[in-house]
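Engineer: Have a look at the structure that comes next, please.
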Amino acid sequence: MSTIFDLKEIEKKVIENLKKVYDPEIPSNIFDLGLIYDIEFEQKNNYLHCMITMTLTSPTCPVADSLLEQVKYVTLAVDEIDEAFVKLVFSPPWDPSMMSEDAREIMGASGAAMPF
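Residue numbers for the sequence shown, in our numbering: 199 to 314.
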C-alpha cells in the first residue's frame, strides 16, 4: 500500500522550520532573506525525499557548510520526510531585492546596511 502525502502541508512545515535558520551575520532567517529558491518532493514507494535548492548572500560565505547542514537538519525534522538533499546554486545570484517585506523591516530596524 502506498502512502499518500499532502505535499502542500509538508511544504508549509518545511518552510516553518527553514524560518528558524538564521545567517549569523544578518538578523533575518534564510527563508525571508530569499536564500531558498525551491522546495521539491519526490516520492519513492513509501519514502518521501525533499530537495532544497538554495543560495548564499555571497559565494565566499564563511558559514556556508554550517548553513547547509542546518537546512538539511530542519528539513529532516519534518516527520513525513525520510531523506533531504540541499543543492547550493549561485545562479541567479542573490541580491537584496529577493528579501521578503518582513526581512526588509527587520534589517531596517536593526540598522543593518542594505545595499539597495
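From the three backbone atoms N, C-alpha and C, an ideal C-beta is built for every residue, glycine too.
Three or more beta-carbon pairs under 8 Å between the region 262 to 271 and the region 297 to 306, yes or no?
Structural biologist: Counting Cβ pairs under 8 Å, fewer than three are found: no touch.
Engineer: Is the separation between the beta-carbon of E209 and that of F229 shorter than 9 Å?
Structural biologist: Taking the sequence shown and counting its residues from 1, the one referred to as residue 209 is at position 11. Taking the sequence shown and counting its residues from 1, the one referred to as residue 229 is at position 31. Not closer than 9 Å, so no.
Engineer: Alpha carbons only, please: which of N244, Y245 and V287 is nearest the one belonging to P257?
Structural biologist: By one-based count along the sequence shown, residue 257 stands at place 59. Here the closest residue by C-alpha is V287.
Engineer: CA-CA distance, E207 and D236?
Structural biologist: Taking the sequence shown and counting its residues from 1, one reaches residue 207 at position 9. Taking the sequence shown and counting its residues from 1, one reaches residue 236 at position 38. Distance between the alpha carbons of E207 and D236: 16 Å.
Engineer: With DSSP as the reference, please indicate the residues paired to E281 in a beta bridge.
Structural biologist: Here residue 281 corresponds to residue number 83 of the sequence shown, with the count starting at 1. According to DSSP, which records beta bridges pairwise, E281 is partnered with H247.
Engineer: Can you check which of these residues, P290, D300, I279 and M297, is closest to I202 by C-alpha distance?
Structural biologist: The residue given as residue 202 occupies position 4 in the sequence shown. Of the candidates P290, D300, I279 and M297, the one whose C-alpha sits nearest the C-alpha of I202 is I279.
Engineer: Is it the case that the CB of P260 approaches a heavy atom of the ligand SAH more closely than 8 Å?
Structural biologist: In the structure shown, the ligand SAH is absent, as is every other ligand, since no ligand is present at all.
Engineer: Counting only the same chain and skipping the five closest in sequence on each side, list residues whose C-beta sits under 6 Å from that of N243.
Structural biologist: Within the sequence shown, numbered from 1, the residue matching residue 243 stands at position 45. The answer is none, since no qualifying residue turns up.
Engineer: Can you give the beta carbon distance from F283 to M252, rounded, assuming they're within the 8 Å contact cut?
Structural biologist: As a first step, residue 283 is located in the sequence shown; it is residue number 85 there, counting from the start. As a first step, residue 252 is located in the sequence shown; it is residue number 54 there, counting from the start. Contact flag wrong, Cβ pair sits at about 11 Å.
Engineer: So what does DSSP say about I202, is it helix, strand or coil?
Structural biologist: On the sequence shown, position 4 is the one that residue 202 refers to. Three-state result, I202: coil.
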